Amino acid sequence: MKQNVILLIMLSSLTFANVAIVKKISGNVEVKREGKIFPIEKGDSLENGDIILTKSKSSIGIMFDDGSRVALGEKAVFVINNYVVKPSKKEYDIDLDLKKGKAMFSSGKISKLAPEAVKFRIPEGAIGIRGTKFVVEVK
Numbered sequence: 016m017k018q019n020v021i022l023l024i025m026l027s028s029l030t031f032a033n034v035a036i037v038k039k040i041s042g043n044v045e046v047k048r049e050g051k052i053f054p055i056e057k058g059d060s061l062e063n064g065d066i067i068l069t070k071s072k073s074s075i076g077i078m079f080d081d082g083s084r085v086a087l088g089e090k091a092v093f094v095i096n097n098y099v100v101k102p103s104k105k106e107y108d109i110d111l112d113l114k115k116g117k118a119m120f121s122s123g124k125i126s127k128l129a130p131e132a133v134k135f136r137i138p139e140g141a142i143g144i145r146g147t148k149f150v151v152e153v154k
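Numbering-wise (the numbering used here), the sequence shown opens with residue 16 and increments by one.
Below you can see the structure in the form of structure tokens.
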């Protein structure tokens, strides 16, 4: 019985760890999670702390739980620092970081609930989200 309770707790924490899903993928895209790098595919879930790496001639489309979308082009390095959108608790924090490459961001429900809670970082600054879409490139 004790083992079943522990397993249930572990499984429920895994369920809440997912913050986004891979909607589209082209070419070779990997994720670095907890020090390990592995390929990802359409339908895979992403978590806080994940680093997405697109290779040459590769791209990925990501949809977050609130409907926000990020598209990354080739040779991108993108970090999901933190993603928390819990309207029932009025908790909002989206912290994303584009280290390299091209990205297109389109906000979901967060644009109406708490646009000031979105941080999209780039090496030479940060982009404050007040509208709904933008494109950025980091070389």
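Each residue gets a CB set at the ideal place from its N, CA and C atoms; glycine is no exception.
Small disclaimer: the values here were computed from a predicted structure and weren't measured.
Gly116 is not a Cβ neighbour of Lys72, given a cutoff of 8 Å. Taking 8 Å as the upper bound for CB-CB distance, Val37 and Glu56 are in contact here, some 7 Å apart.
The secondary-structure analysis by DSSP pairs Ala118 across a beta bridge with Leu87, Val151.
Counting C-beta atoms within 10 angstroms of its own C-beta, Ile109 has 16 or more neighbours from the protein chains shown and is therefore classed as buried. Asn96 is the residue among Leu128, Val151, Asn96 whose C-alpha sits nearest the C-alpha of Ile66.
Per DSSP, Lys134 is one residue of the beta strand (DSSP E) stretching across 133–137.
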